[in-house]
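Chains as they are written, first to last, in our numbering: chain V, 7 to 256; chain S, 7 to 256; chain F, 6 to 533; chain Y, 6 to 533.
Positions of the beta carbon are idealized from the N, C-alpha and C atoms, including for glycine.
Report on the structure given below.
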Amino acid sequence: MTLIRPYGDTTGDGMVQLSFTLPLPHDRVAEGAALQLARRMGMEPAMLAHARPVGPAHTFCVVYGSVTHLVDTESVTVVARDHPLLAPAEVNAEIKRLLRRRLVVVGACIGTDAHTVGIDAILNIKGCAGEKGLEYYREIKVVNLGAQVAVDQLVDRARAEEADAVLVSQVVTQRDAHLINTRALAAAFEAAYPPGRRPALVVGGPRFDEAMAAELGVDRIFARGTTPGDVASYLVHRIATARGDIRASA
Amino acid sequence: MTLIRPYGDTTGDGMVQLSFTLPLPHDRVAEGAALQLARRMGMEPAMLAHARPVGPAHTFCVVYGSVTHLVDTESVTVVARDHPLLAPAEVNAEIKRLLRRRLVVVGACIGTDAHTVGIDAILNIKGCAGEKGLEYYREIKVVNLGAQVAVDQLVDRARAEEADAVLVSQVVTQRDAHLINTRALAAAFEAAYPPGRRPALVVGGPRFDEAMAAELGVDRIFARGTTPGDVASYLVHRIATARGDIRASA
Amino acid sequence: MITLDQELARRARELAAHVGRPVVQLARSHTTTSVERALLRLAGLSGADADGVPWANHLVGQVVDQVGLEHGVALPVWDALCRHEAGDLHELAAKSAIGSVRFRLPDADAVAPVRRAAREAVTRGIARIDARRRERERMVAGIGDAPRKPWIYLIVATGDIHEDIPQAQAAARAGADVIAVIRSTGQSLLDYVPEGATREGFAGTYATQENFRLMRAALDETSRELGRYVRLTNYASGLCMPEIAVLAGLERLDMMLNDSMYGILFRDINPLRTFVDQRFSRQVHARAGIIINTGEDNYLTTSDAVAEAHTVTTSQLLNEYFAKEAGLADWQLGLGHAFEIDPAIPDSFRLELAHALLARTLFPDAPLKWMPPTRHMTGDVFHGYLLDGFFNLAGVLTGQSILLVGMMTEAVVTPWLSDRDLALRNVRYVLDATGSLGEDFRPVPGGFIASRAHRVLEEAVHLLERIDGNAAGLLGAIGDGTFGQMRRPPSGGRGGDGVAPRSELHYNPAEELLEPSRPAAHGHEEER
Amino acid sequence: MITLDQELARRARELAAHVGRPVVQLARSHTTTSVERALLRLAGLSGADADGVPWANHLVGQVVDQVGLEHGVALPVWDALCRHEAGDLHELAAKSAIGSVRFRLPDADAVAPVRRAAREAVTRGIARIDARRRERERMVAGIGDAPRKPWIYLIVATGDIHEDIPQAQAAARAGADVIAVIRSTGQSLLDYVPEGATREGFAGTYATQENFRLMRAALDETSRELGRYVRLTNYASGLCMPEIAVLAGLERLDMMLNDSMYGILFRDINPLRTFVDQRFSRQVHARAGIIINTGEDNYLTTSDAVAEAHTVTTSQLLNEYFAKEAGLADWQLGLGHAFEIDPAIPDSFRLELAHALLARTLFPDAPLKWMPPTRHMTGDVFHGYLLDGFFNLAGVLTGQSILLVGMMTEAVVTPWLSDRDLALRNVRYVLDATGSLGEDFRPVPGGFIASRAHRVLEEAVHLLERIDGNAAGLLGAIGDGTFGQMRRPPSGGRGGDGVAPRSELHYNPAEELLEPSRPAAHGHEEER
Ligand code: B12
Ligand code: B12
Ligand SMILES: Cc1ncc(COP(=O)(O)O)c(C=O)c1O
Ligand SMILES: Cc1ncc(COP(=O)(O)O)c(C=O)c1O
């Protein structure tokens, strides 16, 4: 077990910075309430560094202090890559070996989300972070439906293309839009395919928690900083495990 | 009972911003640990908005999310003024009535603290926030010892001056310097005077928690934004209550 | 503060007009379902059925089904009213919704009175808009105007009009001169305008007539409280753009996002649909005294702000041409641009100054809309706050007119109450501390800044030449991904089925009434 | 970038020399316990007894008790050594600590060999300092220097040398050119230098020879790793100032805070003690090739940055005079000033620019130390981060040399690891994005900035005239609260009992060896 605490300026000091607004006029009660909140969050001692009114009914507060919680790095569940990161040529070779045909990927931003830059970064030849996108891979066929695609449309197209994987981007998170849309996606694919036969569902976006895949009913979530290579490698690994092939999933 | 939550952009959303550094290299484990910490602090869901390495062994993280704790504004203990705020003339009149002599105040920054601006703001004629300092009050005699005063020296001088109140400033808080020095102050005065006879001990500084007076063994703590009037009014109230006089302490 | 090559600027405008004219021609020779619905709204039709389907949609739907879109709805609708199929537009719409009205084109001899009736109804609507415009002028004169330029423009986006209102009022009290209510992500794809006050939006609040009214009333109250008229903005974009434009006029909105290409590029709306809808919307805005804000800043979120700086300039020139053509005056041209250069690039701030000065110098009388960094904002909110400060500084140094206030949480969430407050403190510091620094800011003639500005203008001229040389013109260029690297072919996108070429008989009294008297516009002789 | 009235500037320097000269005279005619201890340290005495009392304190204490301070310790100490009371200084100190050495002044005929012995010992010490200076020069040449001006100066302040070291290395890797290790709050009041590596400091780490050594070694390693020599700074202030100066020379520190008045004003140290200690410290720094940083920025934390701007200029002129007099070259004069104007004041940024340009123009060859906002920083760390960005900008625009990096947490805590990292990102953004903006920054001659700068210089001249007219001179002015509104009477403050007027016999070989060859200094004919 490795227990750590935040580091301000000495090991173990546990120092953190916190800011929030309380729906209270700025007075001593609001300041006391700010400290109470900080304490409930585990900050002890908590220093109210700043408090000022935001209009007549709200108070903005900045609190500094030491948090008493410990973090156990060994109990951190990370969605770590448990498969090799492959170069494009390796991805192509593995797909050929495993499928003997091109892998079909259908991508889209679903719902009313129009943020295509993220999914384009993964799919378009141009790619991102110096890596080419999936379109560049000879053995991957990419069908990019773009933005604002209704889930039903996506299901239809995935069936028509006999997609191996469906890649969906969700950037808007207000009121949990991304979670709601992802659940709807999973439900629609479950409903439309025989059990266990639906394509791989891969979801991405900057504000996802990668650990939530199972909870949301998809196979994999990719968050901030994903590169096309991450996704291609995962897809190969996924087919390999689905087929019980050990070589690629080692 | 009035329960409130932080306000991000809708009532009850509980949104807060948090930043800290973990003593871990920047990788997925560090990011997972950051989210674990945020969850332990009651943020659910927590979004890791930013993480970047600070050198090879630390990771700076910014987390946004909704905190599940409620704040009960009625259980907030504030050191609220339970006595009237008096104008200088009223203070002078009350002192005259209660003591029939000038009130003697001895002030200092103790320990190695050289930050005199705060105590000077309370004591010097110039004052602060548009209010004149205690030197301006005809019925208050101010002895300002300045900075870096050893506690023993302060006790000696307080006795020599027959001080009614001792005002001490503490601005440096690293390694709880202000708390340690305040405790030393209280102990020295308790030791040097017969029980119940020591002068009023009033401590101030920007990072104090005003609720800690009893814990630190002093009579009153003043934090950020204190004005000379606050202090003068408190002193009058203090003498009045000490003498069982109700008029001034109402 | 910099001197542009006047000949180059003249050439740029000439080319923009050349490239824009065929598009205006297309707009004049087509109509759309939404233009027709807007016409009905102007004529006084409002409200929706119990399921929320607006009467305007019912009525246009029925007319299109029975008579087709190409003639416009004015003739069939007022023909039906003249035939006393219903006492008024509402009743007609309600009846048509249950299929109990038969529409037709009036007989040749009935056309004149039908046209007259339609024209009268619309004239009354335009009079309401005129009254709203006068009301604004009176209020600005009476209450007072924003104390200085740049106007401080703040976004509100809770999704719930009843949360938006206090937030907007708080923002105004804290110093905002303009409040923009952002719309729910999906609204521009809806082919109807929702009805009533709404509390359910994602990342923005629905634009409805009632929401407009509520917010305007609240800000009127706050304007009086503050002694300065606080402007209100919304978005005339998406499939209902012309209707929204009309509602904005009716509810005295003061500024509208209204761009000739935004919907095509970023919402994948059919280009023809957009250009037709656009022209009508612009005409309404011109009449309503509404300032339009264009959206070329958005290109820099999908393409590089240095490499593609000239696409912004090109688009500004086109937006200027389209706006003038539709009757908007210089003071209504809130052309957009943005501070979106990668801050890691050496001299990024000076490049920003060069771009900002180019726009300022090329459009000296336009109330330029200066957009904050978004693309290079990250979850490092501290750094974001700093970048926004330098954005504010660039705005001050280059004399921008409408300062859209940047939020440190740009990359994280839609703005919180406290983000707005912090952002305003940032603006205030920069304005107060450096307000007159322009006195000491003197870009060296021919120096880094001036030559960068010249080069961008040159590139814009080259691009316009290329578009002008392209057989498919502007539509072709859009199809090639010229703007924001979004490829939008002329036949693609949503809403294309709501467009029809006008027939000989087509009649739209609003358009006739709104056609500008065509004053000689700022330096284009082609404009007549 | 501004043009100063040269005659006014000349007059200012003339007055500063006039005001400073009597103070130098005082320094030359007195000695202090700490100067004498510094001499012993130069001669090789280091270490402390088991209770931590340094041998230098023991030895000087014994000499003072037995012979008095006024003759200096060199004669009694080397007399004792010549008399073989002990084999070396350490042994002598240890013996004297237990009272087993009798000190005396040598007989007249013994003086010459005693002086020679003392002089030899000290010469060896100075040779060590010279070697360190050459080592620095070699390293800077071999490893590489900071890549640009301003040098980025970062503070480390954990209180624990073993936490400081990795933090300092991290800061250097992240871009710091200079690392300053802040001292524990109480150190300057201690009348001895603590020994060994220390882990217990409040708001700073003790300055000890071992801590110096450890940090310099760590930074040497990091310098090699980074390919640029990272400078190390500490504080030559407080009651042990001259000793710290010597230790800095011996351990190859590169820069020292060394101000003629800081200790008087902000630590309540006796003025005479300070001026005597100062002169010796400056001489050591001059020899060691150490850049000094002066502290007039501090005045603006206790008095208003606009109203009292001229006190900063006045103090800079005095520090310049004292420094030159002690042999420091222009490149060693890190005169201090600061960005401390209340940000709520209109045009605050332009006022800052004016003040910064005045310093830059008046001291064109000095490596000015530009201090960040502290007084008007609040717990609003976001706003603090912005203010620091504008401080950085002012530094860039006015060509400052040493940029002390501001921390967003200034009003809250001593800097955290992440504060430093964020602060460096701030600096990097401003340097990279606006680095060459100076090209476009042209304060109008006679405009707001230029006339403000002129006015401050005028006020400084008036103040110098007033001080010059004061019978008690500079000491009187300090007593009146002229600087930082701190009133410090000549006879007050700590450490006054450690000063003595020199006797006829007084001998301090170090001073003799360090006395500058007095090159004609920059524009003052009085300097010879
Ligand atoms: C560019 C942009 C736009 C552009 C989009 C252009 C386009 N064609 O995509 C335009 C200008 C059109 C736009 C409009 C709007 N936007 Co916007 N926009 C942004 C902005 C500035 C950058 C997003 C971006 O391009 N990031 C770069 C890409 C590469 O990063 P990424 O998406 O995270 O993708 C990476 C990973 O997440 C992952 N990934 C992402 N998707 C996928 C999918 C798969 C399968 C995989 C494997 C991986 C993966 O891999 C990618 C590469 O590493 C952000 C702010 C910001 N700085 O983040 C706001 C932002 C996303 N927008 C926002 C909003 C609200 C809007 C609007 C709704 C505002 C409005 N009401 O009008 C509109 C409407 C859009 C709509 N209906 O969705 C909000 C969302 C708030 C929230 N958290 O809910 C943001 C955060 C701004 C804000 N703070 O308000 N926007
Ligand atoms: C001015 C200043 C200095 C000046 C002090 C001059 C002087 N004569 O006071 C100088 C330049 C000398 C200085 C030096 C140092 N400083 Co300093 N300084 C500050 C600064 C910039 C402002 C403090 C101030 O004047 N505030 C204004 C006054 C009016 O506010 P106030 O003290 O809070 O007082 C109000 C209330 O708190 C209350 N109050 C305060 N005292 C009392 C007492 C009573 C009885 C009552 C009733 C009320 C009361 O009423 C006052 C009026 O409302 C702060 C940073 C900041 N912005 O806060 C750092 C700061 C306080 N300094 C700090 C440090 C570390 C130092 C040094 C130790 C650094 C070093 N190692 O060299 C040195 C050494 C000083 C020492 N030995 O104590 C740290 C303390 C960190 C911490 N939390 O522990 C700070 C926070 C800066 C930082 N982030 O590092 N400093
Ligand atoms: C010019 C313009 N129009 C419209 C919008 C957004 O409106 P919607 O996406 O709701 O059509 C934007 C958003 O930034 C814009 O810049
Ligand atoms: C010039 C100068 N000397 C010394 C110091 C601090 O050192 P001390 O430990 O003496 O307070 C400072 C602090 O800012 C300073 O500015």
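Item, Value
"Determine whether the Cβ of Gly384(F) lies closer than 7 Å to any Cβ atom of chain S.", "yes"
"Compare the beta carbon distance of Ala171(S) and Val208(S) with 7 Å and say whether it is the shorter of the two.", "yes"
"Val127(Y) and Ala515(Y) - do their beta-carbons sit closer together than 7 Å?", "yes"
"Please classify Arg523(Y): does DSSP put it in a helix, a strand, or coil?", "In this predicted model, Arg523(Y) has a pLDDT of only 47, less than 50, meaning its place in the structure is not dependable; the value taken from the coordinates is given anyway. In this structure, Arg523(Y) counts as coil in the three-state DSSP scheme."
"Please tell me whether, using a cut-off of 6 Å, the distance from the CB of Leu173(V) to the nearest non-hydrogen atom of ligand 1 is below it.", "yes"
"Can you list, in chain order, the residues of its chain whose CB lies under 6 Å from that of Asp93(F), leaving out five sequence neighbours each side?", "none"
"Under a three-way DSSP split, which group does Ser228(Y) fall into?", "helix"
"Is it the case that the CB of Ala190(S) approaches a heavy atom of ligand 2 more closely than 6 Å?", "no"
"Assign Ala135(V) to buried or exposed, taking buried as 16 or more other Cβ atoms, counted over all protein chains shown, within 10 Å of its Cβ.", "exposed"
"Can you tell me which of the three DSSP states Val172(V) falls into?", "strand"
"Just checking: is the beta-carbon of Arg15(Y) within a distance shorter than 7 Å of some beta-carbon in chain S?", "no"
"In angstroms, rounded to a whole number, what distance separates the CA positions of Gly497(F) and Ile483(F)?", "11 Å"
"Checking contacts by CB at 7 Å: is Ala254(V) closer than that to chain S?", "With a pLDDT of 44 at Ala254(V), under the threshold of 50, the modelled position of this residue cannot be trusted, and the question is left open."
"Would you mind stating whether Arg137(Y) and Arg257(Y) have Cβ atoms separated by less than 7 Å?", "yes"
"For Arg46(Y) and Ile131(Y), what's the separation of their Cα atoms in angstroms?", "11 Å"
"According to DSSP, is Thr65(S) helix, strand or coil?", "strand"
"Ordered along the chain, which non-local residues of its own chain (more than five positions away) have a Cβ less than 8 Å from that of Glu325(F)?", "Arg18, Ala21, Leu338, Leu340, Phe368, Ala371"
"Could you give the first and the last residue of the continuous beta strand (DSSP E) run that contains Gly341(F)?", "341-343"
"Using three-state DSSP, classify Gly210(S) as helix, strand or coil.", "strand"
"Which residues does DSSP list as the beta-bridge partners of Ala314(Y)?", "Answer is none; Ala314(Y) lacks a bridge partner."
"For a contact defined as C-beta to C-beta under 8 Å, what are the partners of Gly394(Y) on chain F?", "Leu391, Gly394, Phe395"
"Going by beta carbon distance, what residues of the same chain come within less than 7 Å of His75(S), once the five residues before and after it are set aside?", "Gly48"
"Is His95(Y) near ligand 5, going by C-beta to nearest heavy atom under 6 Å?", "For the structure depicted, ligand 5 is absent and the ligand set comprises only ligand 1, ligand 2, ligand 3 and ligand 4."
"Cα-Cα, which of Ala194(S), Asp215(S), Gln23(S) is closest to Phe228(S)?", "Asp215(S)"
"Is the beta carbon of Ala1(Y) less than 7 Å from the beta carbon of Val289(Y)?", "The shown model of chain Y, from 6 to 533, leaves out residue 1(Y), and the question about it has no answer."
"At a CB distance below 9 Å, what residues from the region 141-162 of chain Y approach chain F? Give them in sequence order.", "none"
"With distances taken Cα to Cα, identify the nearest neighbour of Leu408(F) among Gly384(F), Leu74(F), Tyr158(F).", "Tyr158(F)"
"Using C-beta distances below 8 Å, list every residue in its chain close to Glu200(Y), excluding the 5 sequence neighbours before and after it, in chain order.", "Gly52, Ala53, Gly57, Pro59, Thr213, Gln214, Glu215"
"Of the choices His381(Y), Ala438(Y), His95(Y), whose alpha-carbon is the least far from that of Gly411(Y)?", "His381(Y)"
"Would you say Val65(F) and Arg33(F) are within 7 Å of each other, going by their C-beta atoms?", "no"
"Please identify, using Cβ separations under 8 Å, the residues of the region 13-29 of chain S that lie next to chain V, in order along the chain.", "Tyr13, Gly14, Thr17, Met21, Val22, Gln23, Leu24, Ser25, Phe26, Thr27, Leu28, Pro29"
"Excluding the 5 residues preceding and the 5 following Val435(F) in the sequence, name in chain order all residues of the same chain whose CB lies nearer than 7 Å to its CB.", "Gly394, Asn397, Leu398, Val401"
"Could you list which residues in chain S have their beta carbon closer than 9 Å to that of Thr190(Y), in chain order?", "Gly117, Thr118, Asp119, Ala120, Gln154, Val178, Gln180, Ala183"
"Would you please state the rounded distance, in angstroms, between the beta carbons of Ala123(F) and Ala79(F)? I believe it to be under 8 Å.", "4 Å"
"One question on the structure: do Arg425(Y) and Ala176(Y) come within less than 7 Å of each other, judged by their Cβ atoms?", "yes"
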